[in-house]
Structures are given as C-alpha cells and as structure tokens.
Amino acid sequence: MRYSLLAGGKRVRPILCLASCALVSSDVSLAMPAACAVEMIHTMSLIHDDLPCMDNDDLRSGKPTNHRVFGEQIAVLAGDALLSLAFEHMAARTGPNVPADRLVRAIAELSSAVGSEGLVAGQIVDIASEGKEISLGELEYIHVHKTAKLLEASVVCGAIVGGGSESEVERVRKYARCVGLLFQVVDDILDVTKSTQELGKTAGKDLARDKATYPKLMGIDKAKEFAGELVEKATEELRHFDAARAAPLSHLANYIATRHN
Ligand code: GRG
C-alpha cells in the first residue's frame, strides 16, 4: 500500500479537492481526509489496472509496478485495502467542523464515482472495446468513467465538506467535468508527443493494443483545439466566484492543459 501510494504521483486529485474546498471555505484542512481518500482510490485503481489480468504493465512512472515487486496476490489485496482505507480515513478522520450530513453526502459522491457507474464501468467498456473500432462517443464514455468521474468527485467532495451551497457545488461540478475530460485529452496528446524512449514504455503499449485516442479519432490539431475549448469552459464556470478564491482551481485547469507528464 505504501509502495504505490508514496511512489510520487502528481497528486492532481487531492490538490483539486483542497483547491475546491478553498473556493468555499477559509479552512482548507476540512477537506484533508477527503483529499487523502481520493489519492488512495486513484492509487488502488492504478495497482489493479497494471495487473496481468488487466493491462499487464511492468512499469508505472518508471518504477516496477506493484505486482512486479510484491506478486499478484499482494497487489490485488493492497488495492482492496487501499479502497477500504480511503473510506475509513474519510469517515473517521474528518473533523467535527464538518457536519455529518455533509460528510455522508461526500462519501456517497465518492463511492458512486468508483463503482459500477464510475471507474469500474469505464474499465469494463475499455476492456470490451480492445482491438475494436470505436466511435468518439464510446471513447468519451470510457474516459468520462475511467478518468473524469474521480476527478469530478475530488472537486465536488472538496466543495461539499467545505460547506459550499447547492449552486456552488453544481458550478464546481461543471468545472470538474471539463477538467476531467481535458485531463484525458491531454494524456492522449502526450502519448503522441512523448519522446521515442518513453513511447517504448507507455504509449507503445497502447498503440500495440490499438487503443482509440483523441488524436487518432480527430487528429492531433483538433485534439489540441478541443483541449483549449475545455480549459475555456472550465475557467468560465469559475467566473461566478471570487477571483482570488478561484485562482487555485483556475491555475490547476491551466496546469492540466499544459502538463508534460
Ligand atoms: C476502482 C474498484 C475499482 C477498480 C479499478 C482498474 C480499474 C478498476 C480502473 C482503471 C482506472 C484507471 C487506471 C484510469 C486511468 C486514470 C489515469 C488517467 C491515470 C493517470 O493519472 P495521473 O497522471 O497519475 O494523475 P499519477 O501517477 O500522476 O498519480
């Protein structure tokens, strides 16, 4: 559990969660347990995604994958335990300044992003579409579920535990939907533009599996244009908030658009 959780990911989801809490509250620590929980869930999804029965990857961000170090049985169990710990941590460690109804709502939001209508659904459709030609709509379904749902839940949970109003929560949800899709479009663009050395390790695998990507389906220029439109739309949703409070989320949208890994 420690090996993968502390492997040095970018921490995009917990930072989004904290930034979203900061948008509606001056006490960002309210969202710290939720922020840790989203990173634990993200990490477990990577451990399971790398397993031989899934993507069968040997490396993740340049390090041997969990099952390559500890064996398949321990990797499955480390993922299961991280999933459980995520919800335990959020339920047990969120402080008394977050009323119970808010906390329960945030837990419901997060759990629905993970299960059969979230990450798991995206993974199933992704597996089913391997080697097949898929439409842009089907590609979007996969990405919305595999990637965007957890990003959305990270942002929305931050706003819920921070005490955001109904309309504030729905606004950040719209922001998060754009950012979630943006994250994946940029991932696909990076797969194309990565150095040949990196291509051998990561994108090369996707090409071998003939995975659909945005650049493949719409061309690299249109994919970049689409990414630009998504940043615009995400930023637009933040115009309804105080500019200083919204600055972290605004910077994060730009970071996700311009990141190099
Ligand atoms: C959630 C119960 C449960 C099972 C998992 C395997 C699976 C079902 C889903 C796969 C989800 C998956 C691996 C989606 C890809 C998401 C993605 C874009 C990962 C890369 O995220 P980064 O770039 O990674 O934020 P770092 O390493 O920076 O944390």
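So for the sequence shown, my numbering puts the first residue at 41; every next one is plus one. Heads up, the beta-carbon is just placed ideally off N, CA and C, and yes, glycines get one too.
Which of the three DSSP states, helix, strand or coil, is assigned to residue 139? Here residue 139 is taken as the residue at index 99 of the sequence shown, counted from 1. Residue state, collapsed to three classes: coil.
Relative to the C-alpha of residue 62, which residue among 97, 298, 76, 287 is closest? What you label residue 62 is simply residue 22 of the sequence shown in a count that begins at 1. The shortest C-alpha separation from residue 62 is found at 287.
Identity of the residue in 233, 214, 144 nearest residue 264 by Cα: As a working mapping, residue 264 is identified with position 224 in the sequence shown. Looking at the Cα atoms, 233 is the closest of the given residues.
Please look up how many angstroms separate the CB atoms of residue 201 and residue 74, rounded, as I've assumed it's under 8 Å. As a working mapping, residue 201 is identified with position 161 in the sequence shown. As a working mapping, residue 74 is identified with position 34 in the sequence shown. Contact holds; Cβ gap of about 6 Å.
Is it the case that the CB of residue 187 approaches a heavy atom of the ligand GRG more closely than 7 Å? Counted from its first residue, the sequence shown places residue 187 at position 147. Set against 7 Å, the gap from the CB of residue 187 to the closest heavy atom of the ligand GRG is smaller.
Mapping the DSSP letters down to three states, classify residue 104 as helix, strand or coil. One-based indexing of the sequence shown puts residue 104 at position 64. Of the three classes helix, strand and coil, the one that applies to residue 104 here is strand, per DSSP.
Please confirm if the segment 83-95 is in contact with the segment 202-210, defined as three or more CB-CB distances below 8 Å between the two stretches. The answer is no - the segment 202-210 does not touch the segment 83-95, with fewer than three Cβ pairs under 8 Å.
Hey, which unbroken runs of the alpha helix (DSSP H) at 4 residues or more fall wholly within the segment 79-136? 106-110, 112-133
Buried/exposed call for residue 133, threshold 16 Cβ in 10 Å: Reading the sequence shown from its first residue, position 93 is the one you call residue 133. Exposed, by the Cβ-count rule.
Give the single residue among 65, 227, 195 whose Cα lies nearest to the Cα of residue 213. Reading the sequence shown from its first residue, position 173 is the one you call residue 213. Out of 65, 227, 195, 195 has the C-alpha closest to the C-alpha of residue 213.
Reduced DSSP category for residue 174 - H, G, I as helix; E, B as strand; rest coil: Taking the sequence shown and counting its residues from 1, the one referred to as residue 174 is at position 134. In the structure shown, residue 174 sits in coil (DSSP, three-state: anything other than H, G, I, E or B).
Is it true that the CB of residue 292 sits closer than 8 Å to the CB of residue 56? Taking the first residue of the sequence shown as position 1, residue 56 is located at position 16. Taking the first residue of the sequence shown as position 1, residue 292 is located at position 252. Against a cut-off of 8 Å, the Cβ pair of residue 292 and residue 56 comes out as a contact.
Going by alpha carbons, who is nearest to residue 230 out of 220, 217, 253? In the sequence shown, counting from the first residue as 1, residue 230 sits at position 190. Residue 253 holds the alpha-carbon nearest to the alpha-carbon of residue 230 among 220, 217, 253.
Anticipated Cβ contact below 8 Å, residue 224 with residue 183, distance rounded: Residue numbering aside, residue 224 sits at position 184 when the sequence shown is read from its first letter. Residue numbering aside, residue 183 sits at position 143 when the sequence shown is read from its first letter. Contact between residue 224 and residue 183 holds, since their C-beta atoms are separated by about 4 Å, short of 8 Å.
Counting C-beta neighbours from all protein chains within 10 Å, is the total for residue 13 16 or more, i.e. buried, or is it exposed? Past the edges of the chain, shown from 41 to 301, lies residue 13, and the structure says nothing about it.
Considering just the uninterrupted stretch of the alpha helix (DSSP H) at residue 294, what are its terminal residues? The count along the sequence shown starts at 1 and reaches residue 294 at position 254. Residue range 283-298 is occupied by the alpha helix (DSSP H) that includes residue 294.
Answer with buried or exposed for residue 136, where buried requires no fewer than 16 other C-beta atoms within 10 angstroms of its C-beta. Position 96 of the sequence shown, counted from the first residue, corresponds to residue 136. Classification for residue 136: exposed.
Assuming residue 101 contacts residue 171 under a Cβ cut-off of 8 Å, what Cβ separation, rounded to an integer in Å, is found between them? On the sequence shown, residue 101 is found 61 positions in, with the first residue counted as 1. On the sequence shown, residue 171 is found 131 positions in, with the first residue counted as 1. Not confirmed; about 26 Å, so no contact.
Measuring only from the beta carbon, is residue 49 closer than 7 Å to any heavy atom that is part of the ligand GRG? Residue mapping note: residue 49 aligns to position 9 of the sequence shown, counting from 1. Because some heavy atom of the ligand GRG lies under 7 Å away, the Cβ of residue 49 counts as near it: yes.
Is the closest heavy atom of the ligand GRG to the C-beta of residue 231 under 7 Å? Taking the first residue of the sequence shown as position 1, residue 231 is located at position 191. Flag unset: Cβ of residue 231 not near the ligand GRG.
Do residue 191 and residue 165 count as a contact pair if the criterion is CB distance below 8 Å? Looking up residue 165 in the sequence shown gives position 125. Looking up residue 191 in the sequence shown gives position 151. No, they are not a contact pair.
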